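Take a look at the structure below.
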Amino acid sequence: MDYVKSIYYDSLKYFSLFRIKFIAGLQYRAAAVAGIATQFVWGIMGLLLYKAFYEADASSFPMTFQALSSYLWLQQAFLALFMGWFFENDIFQSITEGGIAYELCRPMDLYTMWLFRSMASRVSKAVLRCMPILLFAAFLPEPYGIRLPAGVIAGVCFLITTILGFLVVITYGMLVYISTFFTYSPAGVRMVSVSLVEFFGGAVLPLPFLPTGIRQVVELLPFASMQNVPLRIYTGDIAGMQIVKSMGLQLFWIVVLIWTGKKLIAVALKRVVVQGG
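Listed below in structure tokens is the structure:
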């Protein structure tokens, strides 16, 4: 019974932290409006770019233009959940400037605390931005707007895999934070990390557009378990048993990334040194 109570009270601590960070993130409405406007522009630019290629030879592409339009608008609507370049600068600063000493004084597990903070920041941004973008895209004429998912099952699986993909993004980001303990500056690791996530995660180019041999390898990487899976399920590009396999791979990478992050932070905290009085 005492063990259950301990888990319960520990959960309350982290959910309280999530709530505080989430509410704080909702205060930046002007930034959200600017972000929405920017994402509208990027979405339209992406559609016009692909439209030029599709008009040349639509039969050579692995997705219909309507499916691609839905993919691009979902990408913009849930950008805050999956964007590879977004990190909590406060976490980096706490490591590089010595604030980690205060973090370690808190009665919380450092890894879990950072995990919930990162989740809250992204979710608060997504809540403010996703609905206006989805509504705008829903009223665009065919084939430029977003349409309903490929089916009821696809819609449900889209929601589930969105959550799982989001967790893959967060747990992968934790490795980037932890790597700062072993480097002089986080800049290099961040640049490499962003490049990997953006390209191999389907942000720059949907993975079905890659050559078959390369795509089959890339789809096994953790980056493909981020936005690639839910967006392609929504458009019907991933269906049937392939959905189950994709979910299993997402769960696999979540477990692997959490286990790796926990091991690395345990090693890092044994060697951390804070200078000054």
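Residue numbering for the sequence shown follows my numbering, beginning at 2 and increasing consecutively.
Where a beta carbon is used, it is the ideal one built from N, C-alpha and C, also for glycine.
None of these values were measured; they are calculated from a predicted model.
In the DSSP assignment, A78 falls within the unbroken alpha helix (DSSP H) covering F66 to A78. Taking V198 as the centre and dropping the five residues before and after it, the same chain places the C-beta of G85 and F224 closer than 6 Å to its C-beta, in chain order.
Of the candidates G189, V170, D110 and F183, V170 places its Cα closest to the Cα of N229. Spanning the alpha carbons of F183 and A269 requires a straight line of approximately 7 Å. By the CB criterion at 7 Å, Y178 and I92 fall inside the cutoff.
When the alpha-carbon of A155 is set against those of A33, R123 and G241, the nearest one is in G241. Restricted to the stretch 206-265, the alpha helix (DSSP H) segments that are unbroken, complete and at least 4 residues in length are 213-219 and 229-236, listed in chain order. Take the alpha-carbon of F16 and the one of F117: they are about 8 Å apart. In chain order, T172 and Y173 place their CB closer than 6 Å to the CB of L258, counting only its own chain and leaving out the 5 sequence neighbours on each side.
Residue state for L27 is assigned as coil, using DSSP reduced to three classes. In the displayed model, P108 falls within coil according to three-state DSSP, outside both helix and strand. In this structure, L252 and L129 do not form a Cβ contact; the two beta carbons are roughly 29 Å apart against a cut-off of 8 Å.
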